[in-house]
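There are 4 protein chains.
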Amino acid sequence: MIRKICIVITARASYCRIKAALNEIRKHPALELQLVVAASALLEKYGCILDSLEKDGFCITAKIFNMLDADNNTAAAKTTGLGTIELASLFENIKPDVVISIGDRFETLSTAIAASCMNITLVHVQGGEVTGNIDQKVRHAVTELADVHFVATAKAQNRLVQIGKNPEYVFNTGCPSIDLALQAKNITQYCESETCENKKPDAGEKYLVVMQHSVTTELQYTRKQIRETLNAVKILNIPTYWFYPNADPGSPEITKGIREFEEKCHDHLIRFVKNFEPLQFLQLIRNSSCLIGNSSTGIREASYLGIPVVNIGTRQAGRERGSNVTDTDYDCEKIVQSVNNQLLHRRYSSETIYGNGHAGKKIAELLATIPLIADRKTDY
Amino acid sequence: MIRKICIVITARASYCRIKAALNEIRKHPALELQLVVAASALLEKYGCILDSLEKDGFCITAKIFNMLDADNNTAAAKTTGLGTIELASLFENIKPDVVISIGDRFETLSTAIAASCMNITLVHVQGGEVTGNIDQKVRHAVTELADVHFVATAKAQNRLVQIGKNPEYVFNTGCPSIDLALQAKNITQYCESETCENKKPDAGEKYLVVMQHSVTTELQYTRKQIRETLNAVKILNIPTYWFYPNADPGSPEITKGIREFEEKCHDHLIRFVKNFEPLQFLQLIRNSSCLIGNSSTGIREASYLGIPVVNIGTRQAGRERGSNVTDTDYDCEKIVQSVNNQLLHRRYSSETIYGNGHAGKKIAELLATIPLIADRKTDY
Amino acid sequence: MIRKICIVITARASYCRIKAALNEIRKHPALELQLVVAASALLEKYGCILDSLEKDGFCITAKIFNMLDADNNTAAAKTTGLGTIELASLFENIKPDVVISIGDRFETLSTAIAASCMNITLVHVQGGEVTGNIDQKVRHAVTELADVHFVATAKAQNRLVQIGKNPEYVFNTGCPSIDLALQAKNITQYCESETCENKKPDAGEKYLVVMQHSVTTELQYTRKQIRETLNAVKILNIPTYWFYPNADPGSPEITKGIREFEEKCHDHLIRFVKNFEPLQFLQLIRNSSCLIGNSSTGIREASYLGIPVVNIGTRQAGRERGSNVTDTDYDCEKIVQSVNNQLLHRRYSSETIYGNGHAGKKIAELLATIPLIADRKTDY
Amino acid sequence: MIRKICIVITARASYCRIKAALNEIRKHPALELQLVVAASALLEKYGCILDSLEKDGFCITAKIFNMLDADNNTAAAKTTGLGTIELASLFENIKPDVVISIGDRFETLSTAIAASCMNITLVHVQGGEVTGNIDQKVRHAVTELADVHFVATAKAQNRLVQIGKNPEYVFNTGCPSIDLALQAKNITQYCESETCENKKPDAGEKYLVVMQHSVTTELQYTRKQIRETLNAVKILNIPTYWFYPNADPGSPEITKGIREFEEKCHDHLIRFVKNFEPLQFLQLIRNSSCLIGNSSTGIREASYLGIPVVNIGTRQAGRERGSNVTDTDYDCEKIVQSVNNQLLHRRYSSETIYGNGHAGKKIAELLATIPLIADRKTDY
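Which chain is which? The protein sequence lines are X, R, E and U, in order.
So for the first sequence, full-length UniProt numbering puts the first residue at 1; every next one is plus one.
So for the second sequence, full-length UniProt numbering puts the first residue at 1; every next one is plus one.
So for the third sequence, full-length UniProt numbering puts the first residue at 1; every next one is plus one.
So for the fourth sequence, full-length UniProt numbering puts the first residue at 1; every next one is plus one.
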């Protein structure tokens, strides 16, 4: 019998991370993919993924607009509540056999709660990692609600077993984002794409990439944090691709900081972008001289690609990392110095902490074979 | 500065369990109690607690009707989502310093998510225990979202530290339900009460108490499970106080089973009840000959009171228990036999696994002194 | 191009009323039926329609559980709000060309608001009538949100034109419930049905039918109102089919009144029922000696079938009626007398105030041809 | 007994319109004001009113964040649904005697539905007017749900009586916005204000004001509509205060049009603003040479102030207007010509179609004396 696998994508970043698995699930003869797009993944200002999905040939089962419009944590909580309501209704109607919750964004709690309350087998991808921010709490809470765990590292696997998860249901598949990174590495020619083409760096061009998100437990410092990095990059005076932040509380504050900067400085070399396709995005990272900010991309994909990273602040605190990462504070001077050091070092050798590029296949295969809740009643 | 302590009560059972702490919080000069009543705690059919609160002299900050009307897990998920939305709005307006989430009912996830998303210090009472059912997942997920833990047993404390919780924020306060049990034990005279009076057993009367809830992961067996126990109690032919079930999915199925039974059998000795006051409830338990079913009352309060318990099925699987508990299956014959054995054994000696009756005071004192999130920023 | 016609059914009564139109829409080559079942139409205690739909061969596009569980007007308001949210999401995903809102129950506001906010052509069936209760407000508000009106009487048509509705979009189709009544009249043999069979009256049996709902603007009198009628019917001492009430605020109060009655009186001739199939229901009415209560069935279908009706209270105040209706108060004595008078009068001659039995066809034909909002932009 | 009067403000424009009444309600000894701020009135990008409320000395009873973040009509419907849920909970807890719904924005439906479902006396301010857009439907639907009507013009009063509203409950109070306009007229000195000061025009400066909102039934033309007006104003080449649009679907599209314009044109004389205080706003209008766009301010306040207005498109179609208004299309050339004609004409004489400046007092007095639903039960 074909298993219906429902994946809820709530952000562009999650799409990039899971895409390799989606491809394999779609191709698998025993699986049917139910793709749900929700929250910021539907909003233009956060890099709506609908065009990318269409281009990549994915059909959408449902769209759920559940983001509240307000830059505060209250809105984040309500977005989560609304998502829970709507996903419960949707699951009732599309009857998935398995629901997949990705990573640690607060909206993924909606997916996890709806599925677990409804006794639908819940798979959590990327559990067991350690970081700062509300992400940490969310990730661990989703782990507790989940029935099966597809983790990205050996340490994460150990951690889940240590806290009492049944080892039979904890699988180290690696992170599917590394599958894409492998692809990006092997393509010598730059992928042309309608949406990204005009943002493409010239061949051989030297440039930086910045990805800096708000830290929801430090919202009062958001504006200061973004200013320090903006000033550092201005001083570095190297062409830079700067990604708009994810849809977290604090994100509009970052956008305001950027607008303010743009109004004051007209002679900078920064290009603010948001809509890169997953593969082009990784090619952009792969060909960059240094990645700056607090995104997990610096920790995961960049370690595989060997890209020098300057990681700022507490957002990734505790996450396993390769030798390519230098940590620093939200401090203009320190950032400049760290980047300069990384530029001198140049490329690092590839590390496979987060996988070797075959996560998608493993995930699809497991989804077709793991025992569902219905099949393992005695465990409960 | 006075700290505002917000407690959300979603079921009569939770009120019984936390009442001793509420009393101490109310009396504490450094604390202000914000009492929110929600979900089944507002519904007459599940034993609405508004009258009890008034009688006990508590003021209510807000009432939130968020129970969906449908006997399925989909409704349970939506109830949780709606609760999250409404509690977020409420917290935004009443600005608590601390939010307390009690136990492991699915609706407590709403409280936990709203508070944690909003960076409000979240205290979880009764974490770290092990059981079956969805309760297990909910309890552990709330633990992961919480900042401070007031556990009821030494083992629970160890377990939370083992899975990585900071020991400085894990306190073994004991369970405040034992405070009430202590009180019930010391009162020789039966408490008269307007609402319970007419249900009072006669002095010296020998009777059983039954509390059997649905198991949300075994919903398809609910009707069978209730039938077995009903038949067993009929065969035992002893006066019995039988409590209507909590507001879980499956609960209407139990109620239907009871109605069916009542239509068929007119010569039984069962009294179906729901609205006992917390203290009268514990007196009823204390004077009973045996407690039957799958309620945690059999595990917690009954072990302190030394009452023989026949615990049925998986719902309490794994929970620490005293020597007063005999486990059995949903099987009429086995239940009859187990009860008869317990009746022969009579009263057990008191055990203090779940506390010694001073939890309320400890909890209030801790609430006045624990560092709030705002004060321990560096942890994050 | 095939037009997608979405109908949201929120109560068993609405299903009976619209079924004839559903049949015609389904058969029409230019129309595709999108059937949504929501609110009380999904709940067993109010006569869940899922089995009936299956038996009648209808496919369901989506189920939406949106009833709040609380017997008060607050819950009714929240049910409406939740319905609006969920229907908006659903319409976004199933993209209907036309949405149909039926009658005047408060939940129909959800349908009307979602469709009108989203610029989807909204058809209101049964507007322009006058009654008491919140129904009156709801009906007129939906009329104001609707683009096209299928009314049941000539007076209703005039009224809508008088208050400014464009006559081109106000159609007197008659009420589709009369189509079923016509069918019920023409069938001499009683329809057997699995679900109703055992409730079937014997051939030639003389019996009454009672349908009494709560009046949401007179909730404080609900219990008294039901008591008066129960006593009257007890005094009449004739076999009686008594239908459980609709899912309005006050409905549980009525159910309680009935339970109380049943506990006290064991020698009555009343049969309490809820799950009649639409056609059997009308056959039951058609063969009854008198219909008692405050249901619009007494006003609409009964006038066509010529059945004597004793209409109680303000709920139908102002609604056009035939000579078969006698009005009275919630007063035991007056009800008994009115019923006795009606029993002496016996059958009335058929009146076609609410249509002549061909509404379904007219409605389907109009749905295929009326200009959609998109086609008549200039009106706005 | 003091009556609790609850007013829900969902947009800055509504605050400007109702402020004079708020002042009088607050001062009235028999009334207690319950002020609820919701939806776009809480969002910085739409001109958050919290600072203004504080400055004006109003206490807030509750804040409700219910705006969905998505630029489409689906989000508008969901915002309305969420508002209904949250307002119902709030009304349950703060127990207002009267709820006031202002005007015709879609979110006001939430207020109206919650209050009417809950049998709370609902007063509608500004009913009975005629316009284009979804506003028309919303206004009339709220009228149908309301119990008492405070209209702004004699024609509106007649219209409500004609469609069947009880004349005893339809009062022509005039529009409270005219009270403020009267005040603005009488103040010779320009009000200084912290928030507006730096935007203040110089004394004697000649300037235009533009207020152009999206038309929710013509969303596909929004970008074109804004472009035409931007080009017209650029050609006119006169200093201009241009207000950001209300929070309607289509509003982000307008904002984008403005950003696009700003990127291309650096030599224009437009100042884009959003946060004017109610009184300063009216002074700005009063001293302007011409008001351009599709705001009702051009129809209401401007007619009293005698300001020349160029009204564009269908948004105000059908609304009663003074001789100061010239209508035109979204056509750059026609707009330029209409504005030039109005500039030649200069100031018009004051008209009192929408009141004479004493609405606030009348409204407060009526609120203290009108019979509540509870007092006029017999009407139902």
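For every residue, glycine included, the Cβ atom is placed at its ideal position computed from N, Cα and C.
Where residue i meets chain X, residues with beta-carbon distance less than 9 angstroms
{"i": "GLU92(E)", "result": "ALA62, LYS63, ILE64 and PHE65"}
Any chain X beta carbon closer than 8 angstroms to residue i
{"i": "ALA364(E)", "result": "no"}
{"i": "LEU53(U)", "result": "no"}
{"i": "ILE270(R)", "result": "no"}
Environment of residue i [buried if 16+ CB atoms lie within 10 Å]
{"i": "ILE353(X)", "result": "buried"}
{"i": "CYS175(E)", "result": "buried"}
{"i": "ILE187(R)", "result": "exposed"}
{"i": "GLY57(U)", "result": "exposed"}
{"i": "GLY164(X)", "result": "exposed"}
{"i": "GLU197(X)", "result": "Caution applies to GLU197(X), whose pLDDT of 43 falls short of 50 and renders its modelled position unreliable; the value that the coordinates give is listed next. Its Cβ having fewer than 16 others within 10 Å, GLU197(X) is exposed."}
{"i": "ASN340(U)", "result": "exposed"}
{"i": "ARG346(R)", "result": "exposed"}
{"i": "HIS149(E)", "result": "buried"}
Same chain only: Cβ atoms within 7 angstroms of residue i, ignoring 5 sequence neighbours per side
{"i": "SER177(R)", "result": "CYS16, ARG17, ARG300 and GLU301"}
{"i": "ILE134(E)", "result": "PHE106, THR216 and THR217"}
Cβ of residue i within 8 angstroms of any chain E Cβ
{"i": "THR240(R)", "result": "no"}
{"i": "HIS140(U)", "result": "yes"}
Contact set between residue i and chain R, taken where Cβ atoms lie within less than 9 angstroms
{"i": "GLU86(U)", "result": "ILE85, GLU86 and SER89"}
{"i": "GLU144(X)", "result": "GLN136, LYS137, VAL138, ARG139, HIS140, ALA141, VAL142, THR143 and GLU144"}
Interface partners of residue i on chain R, CB under 7 angstroms
{"i": "PHE106(X)", "result": "CYS117"}
Residues that residue i contacts on chain X, provided the C-beta gap is smaller than 7 angstroms
{"i": "THR80(R)", "result": "THR84, ILE113 and CYS117"}
CB contact check: residue i to chain R, cutoff 8 angstroms
{"i": "ASN294(X)", "result": "no"}
{"i": "residue 387(X)", "result": "This structure gives no information on residue 387(X), because the portion of chain X shown stretches from 1 to 380."}
{"i": "LEU42(E)", "result": "yes"}
{"i": "GLU263(X)", "result": "no"}
{"i": "LEU109(X)", "result": "yes"}
Per-residue contacts from residue i into chain R (C-beta, under 8 angstroms)
{"i": "THR74(E)", "result": "PHE65"}
Any C-beta of chain U under 8 angstroms from that of residue i
{"i": "THR217(E)", "result": "yes"}
{"i": "ALA70(X)", "result": "yes"}
{"i": "LEU31(E)", "result": "no"}
Beta-carbon neighbours of residue i, restricted to chain U and to distances below 9 angstroms
{"i": "ILE7(E)", "result": "By Cβ distance, chain U contributes nothing, its closest Cβ being about 18 angstroms from ILE7(E), past 9 angstroms."}
Closer than 8 angstroms at the beta carbon, the chain X residues around residue i
{"i": "ILE163(R)", "result": "GLN162, ILE163 and GLY164"}
Own chain residues within Cβ distance below 8 angstroms of residue i, not counting five before or after
{"i": "PRO249(R)", "result": "ASP71, ASN72, ASN73, ALA75, ALA76, SER214, THR216 and LEU219"}
{"i": "PHE91(E)", "result": "CYS6, VAL99, ALA114, ALA115, MET118 and ILE120"}
Proximal residues of chain U, C-beta to C-beta of residue i below 7 angstroms
{"i": "residue 453(E)", "result": "Residue 453(E) lies beyond the range of chain E shown here (1 to 380); nothing can be said about it."}
Residues of its chain near residue i, where Cβ-Cβ distance is below 6 angstroms and the 5 sequence neighbours each way are ignored
{"i": "ILE201(X)", "result": "Residue identity differs from the one stated: residue 201(X) is Pro in this sequence, not Ile. Around PRO201(X): TYR207."}
{"i": "ALA20(X)", "result": "PRO176, ASP179, LEU180 and GLY360"}
{"i": "GLY298(R)", "result": "LEU291, VAL309 and ASN311"}
For the region 129 to 145 of chain E and the region 81 to 90 of chain E, state whether three or more C-beta atom pairs, one from each stretch, are separated by less than 8 angstroms.
The region 129 to 145 of chain E is not in contact with the region 81 to 90 of chain E.
Tell me whether the region 294 to 314 of chain E and the region 323 to 338 of chain E touch, counting them as touching only if at least three CB pairs, one residue from each stretch, are closer than 8 angstroms.
Yes, the region 294 to 314 of chain E is in contact with the region 323 to 338 of chain E.
Does the pairing of the region 280 to 293 of chain R with the region 232 to 242 of chain R give three or more beta-carbon distances under 8 angstroms?
Result yes; three or more Cβ-Cβ pairs closer than 8 angstroms.
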